[in-house]
Every structure is written in structure tokens, then in C-alpha cells.
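*Asks:* Read left to right, the sequence shown gives residues 7 to 263 (the working numbering).
In this text, a Cβ means the ideal position worked out from N, Cα and C, and glycines have one as well.
Input: one structure, supplied below.
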Amino acid sequence: MMKPYLRDRQKEAKVSTVTGIVLTVTVHVLACLLCVFTGMKYIYPPPQEQTFLVDFSEDEPQPVRRQNRGRQPQAEEIDKTKPVELIQRSESPHRSEKANKTAEAKPDDFGDVETPVQKEEINKNALFPGMSKKDSSNAPHGASDPKNEFKAGHSKGNTSSGKAEGTPNARLKGRNTLGAIPRPAYSEQDYGTVVVDIWVDNYGNVTKAVPGGQGTTVNNSKLWAAARAAALQTHFNQSADAPALQQGTITYVFKLQ
Numbered sequence: 007m008m009k010p011y012l013r014d015r016q017k018e019a020k021v022s023t024v025t026g027i028v029l030t031v032t033v034h035v036l037a038c039l040l041c042v043f044t045g046m047k048y049i050y051p052p053p054q055e056q057t058f059l060v061d062f063s064e065d066e067p068q069p070v071r072r073q074n075r076g077r078q079p080q081a082e083e084i085d086k087t088k089p090v091e092l093i094q095r096s097e098s099p100h101r102s103e104k105a106n107k108t109a110e111a112k113p114d115d116f117g118d119v120e121t122p123v124q125k126e127e128i129n130k131n132a133l134f135p136g137m138s139k140k141d142s143s144n145a146p147h148g149a150s151d152p153k154n155e156f157k158a159g160h161s162k163g164n165t166s167s168g169k170a171e172g173t174p175n176a177r178l179k180g181r182n183t184l185g186a187i188p189r190p191a192y193s194e195q196d197y198g199t200v201v202v203d204i205w206v207d208n209y210g211n212v213t214k215a216v217p218g219g220q221g222t223t224v225n226n227s228k229l230w231a232a233a234r235a236a237a238l239q240t241h242f243n244q245s246a247d248a249p250a251l252q253q254g255t256i257t258y259v260f261k262l263q
């Protein structure tokens, strides 16, 4: 036989199980009824969707309008009933028979016209120092002093010194010399042409001079040094458009007298 306390325990277990099942079912039924009557309701027909437009463009500044003061100009009204008058161009009563000629181009600071090279004239007095204008005939000439007729000569000749003849010729494209070109000073018994290559800056100063350029006919170092010293003393006009160092030439002609 089972003991009394075991029976009571079994009864209590059964009652507890039945009670748990009943409570569980009751709670679920109540939850379902609550969702049915108080849950989300579906609206039919559905309402229209509400949208809004987002504009990301930048606001452009509005132009400032100027207010014009005064009256606006108005065109004159044309009277179409008046006849049209033809106006003749004014012409000169005198007609020129000569053709128009422009002035000859001259070199300036900005032009590219080169100064023509002047032809060198031969100085006959330099070739024949003892001949004057009165004695320019073809007749033979004797010694001016009979005592010197048979006098022995020497290696340095009878002339004490020479000098540069004529005006030195400077050539620098688009630029002119300021004042007269300095003449070389020398005391040598020699003659010929010395061409000096020069380099001129924007301010017109000769910064470099090298004698012996193309056209030089004498190799005397002292004549070259005299020509170089004179070239360094030459000044040209200023030119901002010219190169930093513009190259040109100066020609010196040395003759004996």
C-alpha cells in the first residue's frame, strides 16, 4: 500500500499541471482577443502618398537693376510725306596732276632700316703727300729742296705720325649713336682698316669691343688697341626692346698724311 503522503503529493502534482495548462490557454486566448479588437487596422482604400521635393541647387544672385534717371532718348519722327533730298559729296575743285609720294624712310629707334654704307673715297693727298692742287699735272716732280734730293732714307719713313681719316662708321641695327663717334688716337707709321665688333646693352653703353672683325686690313696691335679704346667710348641711344647685348660693328680707317 502506498503511504498517505505520497498520495497527497501526486494529487498536488496533477492539480498543478492542470492549473498551469488552464492558465496558459486562458492567457493566449485573451491575447488573441486583444490583438483582434485593439490591433492595427488596415485602411481601405489606402491614402495617397505624401512626398516633398528637395532642391540641392545653389541660389544664383539676382542681377542688380539700375534705375535710369531722366528721359530716354527718342528718335525723331520721320515725315514720310516730305520728298527725299539727295546730298552730293563735297569735292575739291582743283585736281592734282602729280602722284602722291611718301617721304623716304629713315632709321629710328624702332625701325629696321639700315644705314647704307658710304663708299670710301681715296685721298690722293695721302698717296702723294708732296703733291698739291697746283701740282696735279702729269709732269714729273723733283725734290722740293735740292739738298734732300740724294738724302738717304730710314726705315720709319719721313712722316712723324698718322691719324684716322673720315668719320668712323658704326652699324647697330635699329639704333643710332649719341653725338660724334670718338676717333682713335695713335702715333704709328701704318695705315689700313680696322673693324671692331661691339656689344651694346639696353642703356647704349659699349660693354665689349673686339678688334679684327671681318673687313680688317691691318694687323698692327697698336692700331687695334686704339680702335678698341675709341669703340668703348662710343654711346648709342637707349632701347628697351633691344636685346640685353646687341652686337654691331664700328669701322675705323687709318691713313698717313
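Drop a sphere of 10 angstroms on the beta-carbon of Tyr-192, count the other beta-carbons inside from all chains shown, and report buried for 16 or more, exposed for fewer.
*Replies:* Looking at its Cβ environment, which holds 16 or more other Cβ atoms inside 10 Å, Tyr-192 is buried.
*Asks:* Report back the beta-carbon spacing between Val-216 and Asp-203 to the nearest angstrom; my notes put them in contact at under 8 Å.
*Replies:* Contact flag correct, Cβ pair sits at about 5 Å.
*Asks:* Can you find a C-beta in chain C that's less than 7 Å from the C-beta of Val-259?
*Replies:* Structure shown: chain C not included; a single protein chain is present.
*Asks:* Quick one: residues in its chain with C-beta nearer than 7 Å to the C-beta of Asn-208, no 5 flanking neighbours on either side, listed in chain order?
*Replies:* If we look at Asn-208 and ignore the five residues flanking it on each side, its Cβ neighbours are Gln-244, Ser-245, Ala-246, Ala-248 and Ala-250.
*Asks:* Does the beta-carbon of Leu-178 have 16 or more other beta-carbons within 10 angstroms, so that it is buried, or is it exposed?
*Replies:* Leu-178 comes out buried.
*Asks:* On the criterion of 16 or more Cβ atoms from any shown chain inside 10 Å, does Pro-69 qualify as buried, or is it exposed?
*Replies:* Classification of Pro-69: exposed, given that the 10 Å Cβ count is below 16.
*Asks:* For the ligand GTP, I want to know if Leu-40 counts as a neighbour, meaning its beta carbon is within less than 6 Å of at least one of the ligand's heavy atoms.
*Replies:* With respect to the ligand GTP, the structure shown offers nothing to examine, as it has no ligands at all.
*Asks:* Going by other Cβ atoms of all chains shown within 10 Å of its Cβ, with 16 needed for buried, is Gln-239 buried or exposed?
*Replies:* Exposed.
*Asks:* Hey, quick one: how far does the alpha helix (DSSP H) through Ile-256 stretch, first residue to last?
*Replies:* Counting along the chain, Ile-256 falls outside any alpha helix (DSSP H), though it belongs to the beta strand (DSSP E) covering 252-262.
*Asks:* Need the endpoints of the beta strand (DSSP E) that Asp-14 sits in, please.
*Replies:* That residue, Asp-14, is in no beta strand (DSSP E); its alpha helix (DSSP H) goes 10-44.
*Asks:* Taking the alpha carbon of Thr-173 as the point to measure from, which residue in Ala-186, Asp-196 and Val-201 has its own alpha carbon closest?
*Replies:* Taking only the C-alpha atoms, the option nearest Thr-173 is Ala-186.
*Asks:* Give me the Cα-Cα distance between Ile-27 and Val-35, rounded to the nearest whole angstrom.
*Replies:* Distance between the alpha carbons of Ile-27 and Val-35: 12 Å.
*Asks:* I'd like the list of long-range same chain contacts for Lys-228, defined as Cβ closer than 7 Å, with 5 residues on each side in sequence excluded.
*Replies:* The answer, listed in chain order, is Tyr-192 and Glu-194.
*Asks:* Compare the beta carbon distance of Thr-222 and Val-201 with 7 Å and say whether it is the shorter of the two.
*Replies:* Yes, Cβ-Cβ distance for Thr-222 and Val-201 is below 7 Å.
*Asks:* Using CA coordinates, which residue listed in Glu-83, Tyr-197 and Arg-71 is at the minimum distance from Ala-233?
*Replies:* Checked all of Glu-83, Tyr-197 and Arg-71; the closest Cα to Ala-233 is Tyr-197.
*Asks:* Which value, in whole angstroms, describes the spacing of the CA atoms of Glu-18 and Val-42?
*Replies:* Each residue's Cα considered, the two are about 36 Å apart.
*Asks:* In three-state terms, what does DSSP make of Arg-234?
*Replies:* In this structure, Arg-234 counts as helix in the three-state DSSP scheme.
*Asks:* Could you give the first and the last residue of the continuous beta strand (DSSP E) run that contains Ala-176?
*Replies:* Element bounds for Ala-176: 175-177.
*Asks:* Are there 16 or more other CB atoms within 10 angstroms of the CB of Ala-237, so buried, or fewer, so exposed?
*Replies:* Classification of Ala-237: buried, given that the 10 Å Cβ count is 16 or more.
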